[in-house]
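Colleague: I have a structure here, written as structure tokens, and I will follow up with some questions on it.
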Amino acid sequence: MKKIIFIAFCLFITNFGFSQTETPKTKKLPSITIKTVDGKTIKTSEISNNGKPIIISFWALWCKPCQKELSTIAEVYDEWQKETGVKLVAVSIDDARSSSRVLPTVNGNNWTYEVLLDVNGDFKRAMNVNMIPHTFLLNGKGEIVWQHTSFAEGSELELIELVRKLNRGEDISEKK
Amino acid sequence: MKKFSFIYLLFASLLIQSCNKIDDPYIPLAPKDWYGKRILLEDYTGHTCLNCPAAANIAANIKTLYGDKIVIISVHAGYFARPETDFPEDFTTIASEIWYKFFGVNGNPKGMINRKGVLNKTNILNPGDWASMTGTVMTEIPEVDLEIMPEYDTTTKLLKGSVKTKFLKTIRKKLKLQILVTEDSIIAPQKNGTTTIANYVHRHVMRGTVNGSWGDVLSNGQSNSIIDTEISQNMLFTFDPSWKSKHCTIVAFVYDSDTYEVLQVAEKHIE
Amino acid sequence: MNKTTLLKSFKIAVLFGFFPFLGFSQNLLNSGSVQGNFQLDAQYYQKDSTIGANEVSEKMLMNAFANIIYSNGNFSAGLRYESYRNPMLGFDNRFKGSGIAYRYATYKVDDFDITVGNFYEQFGSGMIFRSYEERNLGYDNAMDGVRVNFNPLQGIMLKAIIGTQRFFWDVGPGIVRGGDAEFALNDIIPSFSDSRTKLTFGGSIVSKYQPSEEILFDASKKYNLPENVAAFAGRVNISRGKINLNAEYAYKVNDPNSENSFIYRHGEALLVSASYSKKGLGIILTGKRVDNMAFKSKRTEVGNMLNINYLPTLTKQHAYSLSAIYPYATQPNGEMGIQGEIVYSIPKNTLLGGKYGVEIKLNYSRATSIEKDTSGLNIIGYEGGTKGYRSNFFEFGNELYFQDFNIEISKKINNRLKGSLSWVNLIYNEQIIEGHEAPSVYANVFIADINYKITPLKSIRTEIQHLSTKQDEGNWVMGMLEYSIAPLWFFSISDQYNYGNEIDVKKIHYYNIGVGYNKNSSRIQMSYGKQREGILCVGGVCRQVPAAYGFNLTITSSF
Chain B
1053 MKKIIFIAFC
1063 LFITNFGFSQ
1073 TETPKTKKLP
1083 SITIKTVDGK
1093 TIKTSEISNN
1103 GKPIIISFWA
1113 LWCKPCQKEL
1123 STIAEVYDEW
1133 QKETGVKLVA
1143 VSIDDARSSS
1153 RVLPTVNGNN
1163 WTYEVLLDVN
1173 GDFKRAMNVN
1183 MIPHTFLLNG
1193 KGEIVWQHTS
1203 FAEGSELELI
1213 ELVRKLNRGE
1223 DISEKK
Chain H
9 MKKFSFIYLL
19 FASLLIQSCN
29 KIDDPYIPLA
39 PKDWYGKRIL
49 LEDYTGHTCL
59 NCPAAANIAA
69 NIKTLYGDKI
79 VIISVHAGYF
89 ARPETDFPED
99 FTTIASEIWY
109 KFFGVNGNPK
119 GMINRKGVLN
129 KTNILNPGDW
139 ASMTGTVMTE
149 IPEVDLEIMP
159 EYDTTTKLLK
169 GSVKTKFLKT
179 IRKKLKLQIL
189 VTEDSIIAPQ
199 KNGTTTIANY
209 VHRHVMRGTV
219 NGSWGDVLSN
229 GQSNSIIDTE
239 ISQNMLFTFD
249 PSWKSKHCTI
259 VAFVYDSDTY
269 EVLQVAEKHI
279 E
Chain L
157 MNKTTLLKSF
167 KIAVLFGFFP
177 FLGFSQNLLN
187 SGSVQGNFQL
197 DAQYYQKDST
207 IGANEVSEKM
217 LMNAFANIIY
227 SNGNFSAGLR
237 YESYRNPMLG
247 FDNRFKGSGI
257 AYRYATYKVD
267 DFDITVGNFY
277 EQFGSGMIFR
287 SYEERNLGYD
297 NAMDGVRVNF
307 NPLQGIMLKA
317 IIGTQRFFWD
327 VGPGIVRGGD
337 AEFALNDIIP
347 SFSDSRTKLT
357 FGGSIVSKYQ
367 PSEEILFDAS
377 KKYNLPENVA
387 AFAGRVNISR
397 GKINLNAEYA
407 YKVNDPNSEN
417 SFIYRHGEAL
427 LVSASYSKKG
437 LGIILTGKRV
447 DNMAFKSKRT
457 EVGNMLNINY
467 LPTLTKQHAY
477 SLSAIYPYAT
487 QPNGEMGIQG
497 EIVYSIPKNT
507 LLGGKYGVEI
517 KLNYSRATSI
527 EKDTSGLNII
537 GYEGGTKGYR
547 SNFFEFGNEL
557 YFQDFNIEIS
567 KKINNRLKGS
577 LSWVNLIYNE
587 QIIEGHEAPS
597 VYANVFIADI
607 NYKITPLKSI
617 RTEIQHLSTK
627 QDEGNWVMGM
637 LEYSIAPLWF
647 FSISDQYNYG
657 NEIDVKKIHY
667 YNIGVGYNKN
677 SSRIQMSYGK
687 QREGILCVGG
697 VCRQVPAAYG
707 FNLTITSSF
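Chains as they are written, first to last, in the numbering used here: chain B, 1053 to 1228; chain H, 9 to 279; chain L, 157 to 715.
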């Protein structure tokens, strides 16, 4: 019975999602209630950057590659912002065990990112994140145009290149 | 939206009152109706399992309460029953390990009451659930009865005799009869929480099966087993010399070979 | 045809009949979108008796899941299909099977949203209610019921939940219901909104109902079990400029259960933290007390299943393999803990900082038992039914459960070279944490993690770790080499060698070679080698990882 429901649901989705000739291929951020590291409550759909690109990066204090990615970008973040106006939003999925250590760590590391606390993984689930680091790139209209998991030294070069392309108005979604 | 606020406040105030503060923690037990169905309580245990003595205590309390209406067997199987340097005894048997693996017991202490619903692993019970399940199953009406007539020769260590199954109703099920030997009061080390009890008294340890790990076929389910008919099964089994026969008991149970549920159980001392 | 089959056929007919109707409904289709993700983990098990790795009769075991989310304006629905054919070793075998483990529909409008079906939710820090999932622990206590979020005024957030909890492919016997209210004063009181001081406070109530059952105290008495057990929590957060203070207190009424040996004592917990942070420096001090706070929706359940709440550990979660050998697990029956951390960046272009600056992290944590006093309670033999013990709220008990002092220094040396050095000093009470008799482990771990950039896209990273201890398995040394071609490829080879083991046969090399490929949101990773037996913990909830030898594959993707 469960298998039938599953198949039915899949058919429902395919019918729904793909039967239109003009199916929109862009996705916007879901609306999840989340706290900022300052304790304010915001809705994720309200994340904006005045028409400029946004990078959203999921990380945690216990994830070494995540911190390496954010530290590596931190070294060049000022230049990136001056050149492209891009904003990076770092979403911590640390739960109550370590969420109180996020703000001191962010400040201690001198990161100037906007930091959000996704303590129960609601935003992570809504964005379909399985493994971190998972980074998303949004264009000026707030549409998710690119995403990537894991981090290796040098990956940030691809990221800034994509941001530059967005600023020039190029369509990067065929890269998928 | 004011309506929702009101509903919310109502919900919250109901929640505040939703707790029971208990002043008297004990309630005396009321006797139950019993129609003759005895219960098999299998306690899957092991000598290096820390929480097993507490589980054995729970089983012992159930035995004291129900007396002859319940038969307990301690099945030593799994990781915590392995012999180790400080725990050299091997209480495992071929059948114990087969049952442990087949039913997916996956840890100690765990138990089964008349193997009820055990094909669904979530019915392998934690010790806290044994008493209530026993109380429920005990009020069922038995379909068969068992009588064990052992003949044991202390010199040759040979067990003969028979087990008689009598049908109390006409039923059609695929049935098997399992006969096994348990030995009581074995003194050997046992872990208990953060300590080890060097001279722990191991109760009703399952020592071996008389007629194979899954027993003998009583009925293939093709035809009815008629009320009041009897089937007699002979026993032939040699005891291991290390077993103290005066502490040994023969346990026999009839079970449904499709669902594995035990229909009736009986036990009898050797001597 | 009986009633249930009739109902089932009707449901199927409705589902199938629905499509064409929706297919032609232009308005609905225009803004709908489908997203999802999936992950598959498979392990091929080979026998290796020296490390204790077993074969399995299936040869290969696999865990997989797929999430699909459909959203359209204010409406969203989703499901997760899970398949354990059969569950990998270390995961509870009651997960065996396949099916839809999670399904929900949510509707949002203005200041109100309602979810029916399965959901995850947390009140405050989760000390009286947290429903969440942690896939690699096999932890999932999803609620099945209804959840309402309500935002009546700016600054007030109300939540209400009711439902049952997931128990493998079924639900637990208890009903959980609760509510949470949070007030952000700066948003509520207009004159306060520009204040430098930010004040938020909140409270929650959770109550569980499970019908009474027969649990014997002895052969003549059974327990008078409370069918309704309630827990309350209050929290406050104050921040002003660089300082942040947070405190949360929880109280649970009598809840006799298998974890606390059926005592009728109340439960309490307190979590406090104070932090100071500014550019380049962060300091935090946290403290906690947990006393009889195991809270499950089934009294007789033990282990990780059917937890209603979540009690975080206050220890640092280590990310390196040797420093993570001895992880701490929360002791719900009672513990006291403190943790302090300093994160400091020595600025660039200073004497100590050098050209690029230096990051230093210092962390200390300690967990002990709570003080328990049983005098005057007349407990003879088994404590079930009694109040258990008395305990002074602010007193640390005599038994040390865990202590961890660690320091990590990271530095970029030049354009090609950067790295970090760490030292961890641990005391691990194996008897309490793992539940078997063994002396406490005193260990020191040294870690060097260095990255060298060969070209802007090609890097080589090496880790060298060493653990020294006189207890348990003795000394370990570990080396790893990882070559990455950004952003697509990873190649790694590593070895953990237990050279200090007293038993010669156990001086084993746990080698591993792996390759990973990442393209955008997809990742495929393969590795082969020996994995040592260990414990994997996330947030203080742990699972045993058995020793394994063989091939491992992980595929994950989002779409």
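Where a beta carbon is used, it is the ideal one built from N, C-alpha and C, also for glycine. Quick caveat, the model's predicted, so the values are computed rather than measured.
Can you check the segment 354 to 379 of chain L for any beta strand (DSSP E) of at least 3 residues that lies completely inside it and give the ranges in chain order?
Modeller: Correct list: 377 to 379.
Colleague: Anyone know if the C-beta pair for Asn460 (chain L) and Tyr258 (chain L) falls short of 9 Å?
Modeller: Contact flag unset, no.
Colleague: How far does the beta strand (DSSP E) with Gln1199 (chain B) in it reach, from first residue to last?
Modeller: Per DSSP, Gln1199 (chain B) belongs to the beta strand (DSSP E) from 1195 to 1201.
Colleague: With DSSP as the reference, label Phe715 (chain L) as helix, strand or coil.
Modeller: Correct three-state label for Phe715 (chain L): coil.
Colleague: Three-state secondary structure (DSSP) at His592 (chain L)?
Modeller: DSSP places His592 (chain L) in coil when its eight states are reduced to three.
Colleague: Tell me which same chain residues have a C-beta within less than 7 Å of the C-beta of Thr56 (chain H), skipping the five on either side of it?
Modeller: Here the set comprises Phe88, Glu92, Phe95, Lys199.
Colleague: Which of the three DSSP states, helix, strand or coil, is assigned to Ile293 (chain L)?
Modeller: A small fix is needed here, since residue 293 (chain L) is Leu in this sequence, not Ile. Correct three-state label for Leu293 (chain L): helix.
Colleague: Helix, strand or coil for Glu155 (chain H)? Go by DSSP, reduced to three states.
Modeller: If DSSP states are grouped into helix, strand and coil, Glu155 (chain H) belongs with the strands.
Colleague: Check whether the segment 608 to 615 of chain L touches the segment 638 to 651 of chain L, counting contact only when three or more Cβ pairs, one atom from each stretch, lie closer than 8 Å.
Modeller: Counting Cβ pairs under 8 Å, three or more are found: they touch.
Colleague: Could you give the C-beta distance for Ser1109 (chain B) and Lys1095 (chain B), rounded to a whole number, given that I count them as a contact under 8 Å?
Modeller: At roughly 19 Å, the Cβ-Cβ gap does not stay under 8 Å, so Ser1109 (chain B) and Lys1095 (chain B) are not in contact.
Colleague: Hey, which unbroken runs of the alpha helix (DSSP H) at 4 residues or more fall wholly within the segment 36 to 90 of chain H?
Modeller: Taking only runs of at least 4 residues, the alpha helix (DSSP H) segments lying wholly in the segment 36 to 90 of chain H are 60 to 74.
Colleague: Would you check whether the ligand NAP has a heavy atom nearer than 8 Å to the C-beta of Leu176 (chain H)?
Modeller: Judged by which ligands are present, the structure shown has none, so any question about the ligand NAP falls away.
Colleague: Tell me where the alpha helix (DSSP H) around Glu1213 (chain B) begins and ends.
Modeller: Note, Glu1213 (chain B): alpha helix (DSSP H), 1207 to 1219.
Colleague: Establish whether the CB of Tyr407 (chain L) and some CB of chain B are separated by less than 9 Å.
Modeller: False, the Cβ-Cβ gap to chain B never drops below 9 Å.
Colleague: Can you check whether the CB of Lys452 (chain L) is closer than 9 Å to the CB of Pro468 (chain L)?
Modeller: The answer is no: Cβ separation not under 9 Å.
Colleague: So, helix, strand or coil for Gln186 (chain H), using DSSP?
Modeller: Reduced to three states, the DSSP call for Gln186 (chain H) is strand.
Colleague: Which residues, taken in chain order from the segment 291 to 318 of chain L, show a beta carbon closer than 7 Å to some beta carbon of chain H?
Modeller: Of all residues in the segment 291 to 318 of chain L, Phe306, Pro308, Leu314, Ala316 have a Cβ within less than 7 Å of some Cβ in chain H.
Colleague: Would you identify the three-state DSSP class for Trp579 (chain L), choosing helix, strand or coil?
Modeller: Three-state result, Trp579 (chain L): strand.
Colleague: By the three-class DSSP mapping on this structure, what secondary structure does Lys1139 (chain B) have?
Modeller: The answer is strand: DSSP assigns Lys1139 (chain B) an E or B state.
Colleague: From what residue to what residue does the alpha helix (DSSP H) around Ala1178 (chain B) run?
Modeller: 1174 to 1178 is the span of the alpha helix (DSSP H), which, as asked, contains Ala1178 (chain B).
Colleague: Is the shortest distance between the beta-carbon of Gln1133 (chain B) and the beta-carbons of chain L less than 9 Å?
Modeller: For Gln1133 (chain B), the answer is no, since every Cβ of chain L falls outside 9 Å of its Cβ.
Colleague: Can a CB atom of chain B be found closer than 9 Å to the CB of Tyr432 (chain L)?
Modeller: Yes - at least one Cβ of chain B is within 9 Å of the one on Tyr432 (chain L).
Colleague: Would Asp51 (chain H) be called buried (16 or more neighbouring beta carbons within 10 Å of its own) or exposed?
Modeller: It counts as buried.
Colleague: To the nearest angstrom, how far is the alpha carbon of Glu415 (chain L) from that of Asn668 (chain L)?
Modeller: Between Glu415 (chain L) and Asn668 (chain L), the C-alpha separation is close to 39 Å.
Colleague: How many Å lie between Leu1218 (chain B) and Val458 (chain L) at the Cα?
Modeller: Roughly 53 Å between the two C-alpha positions.
Colleague: Measure from the alpha carbon of Asp161 (chain H) to the alpha carbon of each residue in H:Leu154, H:Gly169, H:Glu155, then state which is nearest.
Modeller: Residue H:Gly169 is the option with its Cα nearest to Asp161 (chain H).
Colleague: If you draw a straight line from the alpha carbon of Asn585 (chain L) to that of Val597 (chain L), how long is it in whole angstroms?
Modeller: Rounded to whole angstroms, Asn585 (chain L) to Val597 (chain L) spans 6 Å at the Cα level.
Colleague: Using a Cβ-Cβ distance cut-off of 9 Å, determine whether Tyr386 (chain L) contacts chain H.
Modeller: The question names Tyr, but residue 386 (chain L) in the sequence shown is Ala. It does: the Cβ of Ala386 (chain L) has a partner Cβ on chain H nearer than 9 Å.
Colleague: Look up Leu235 (chain L) in the DSSP assignment and say whether it is helix, strand or coil.
Modeller: Here Leu235 (chain L) sits in strand by DSSP.
Colleague: Under 9 Å between C-beta atoms, does Pro135 (chain H) make it to chain L?
Modeller: Yes, its Cβ sits closer than 9 Å to a Cβ of chain L.
Colleague: Should Glu275 (chain H) be labelled buried (16 or more other beta-carbon atoms within 10 Å of its own) or exposed?
Modeller: Glu275 (chain H) comes out buried.
Colleague: Give me the DSSP bridge partner(s) of Asp204 (chain L).
Modeller: Its beta-bridge partners are L:Ala209.
Colleague: Sorted by chain position, which residues of the same chain lie with C-beta nearer than 6 Å to Ser240 (chain H)'s C-beta, five sequence neighbours on each side aside?
Modeller: Only Ser170, Lys172 meet the Cβ criterion.
Colleague: I'd like to know if Phe19 (chain H) contacts chain L, where contact means its C-beta is closer than 9 Å to some C-beta of that chain.
Modeller: Answer yes: the Cβ-Cβ gap between Phe19 (chain H) and chain L drops below 9 Å somewhere.
Colleague: How would you write the range of the alpha helix (DSSP H) that Ala139 (chain H) sits in, first residue to last?
Modeller: Per DSSP, Ala139 (chain H) belongs to the alpha helix (DSSP H) from 138 to 145.
Colleague: Keeping to the same chain, check which residues put their C-beta closer than 7 Å to that of Arg1153 (chain B); ignore five residues upstream and five downstream.
Modeller: Excluding sequence neighbours, Arg1153 (chain B) sits near Leu1113.
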